[in-house]
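**Student:** The following block contains the structure, expressed as structure tokens.
Residue numbers (full-length UniProt numbering): 1 to 128.
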């Protein structure tokens, strides 16, 4: 990182910003902090990617449609960038559906009725 930064080719990042703005005595902490950030995000990333692969195995037609959108917008001569985001609505929908289908963390709140409701629906009592 230090060599890349010295050449002036470092992309803006947490590490490059910290290197520029920290006193020399903090420099030994930077690799540990960067490693913690990487490790902290790796388990959720692996879980999301695993779920995506499972979904694509179950729904190959969805995979074909997403790949078609990527090929049409990005082509084969470059990698995607953040500027492509708005041009890939189907891929974004697939990503959101993967996260909805198998959430990475239990973010739902358990719910219960505050009181029993004496009700029937099409002749079936609600207590079933």
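For every residue, glycine included, the Cβ atom is placed at its ideal position computed from N, Cα and C. This structure is a prediction, so every number in the text was calculated from the model and none was measured.
Using the C-alpha atoms, what's the distance from residue 80 back to residue 20?
**Tutor:** Stepping through the chain shown from its first residue, residue 20 is reached at position 20. Stepping through the chain shown from its first residue, residue 80 is reached at position 80. One C-alpha to the other measures close to 29 Å.
**Student:** Exposed or buried, what is residue 66 when buried is set at 16 or more other beta-carbons lying within 10 Å of its beta-carbon?
**Tutor:** Indexing the chain shown from 1 puts residue 66 at position 66. With 16 or more Cβ atoms within 10 Å of its Cβ, residue 66 is classed as buried.
**Student:** Thinking just about the alpha-carbon of each residue, which of 14, 97, 40, 18 is nearest to the one in residue 62?
**Tutor:** Within the chain shown, numbered from 1, the residue matching residue 62 stands at position 62. Comparing Cα-Cα distances from residue 62 to each of 14, 97, 40, 18, the minimum goes to 97.
**Student:** What distance in whole Å lies between the Cβ atoms of residue 48 and residue 88, which are believed to be in contact at a cut-off of 8 Å?
**Tutor:** Residue 88 sits at position 88 when you count from the first residue of the chain shown. Residue 48 sits at position 48 when you count from the first residue of the chain shown. The Cβ separation is near 17 Å, so there is no contact.
**Student:** Give the range of the alpha helix (DSSP H) segment to which residue 61 is assigned.
**Tutor:** Translated into positions along the chain shown, residue 61 becomes position 61. 60 to 73 is the extent of the alpha helix (DSSP H) around residue 61.
**Student:** Compare the Cα-Cα distances from residue 64 to each of 27, 94, 106 and report the closest residue.
**Tutor:** One-based indexing of the chain shown puts residue 64 at position 64. Residue 64 has its Cα closest to that of 94, out of 27, 94, 106.
**Student:** What is the DSSP secondary structure of residue 23, counted as helix, strand or coil?
**Tutor:** As a first step, residue 23 is located in the chain shown; it is residue number 23 there, counting from the start. In this structure, residue 23 counts as coil in the three-state DSSP scheme.
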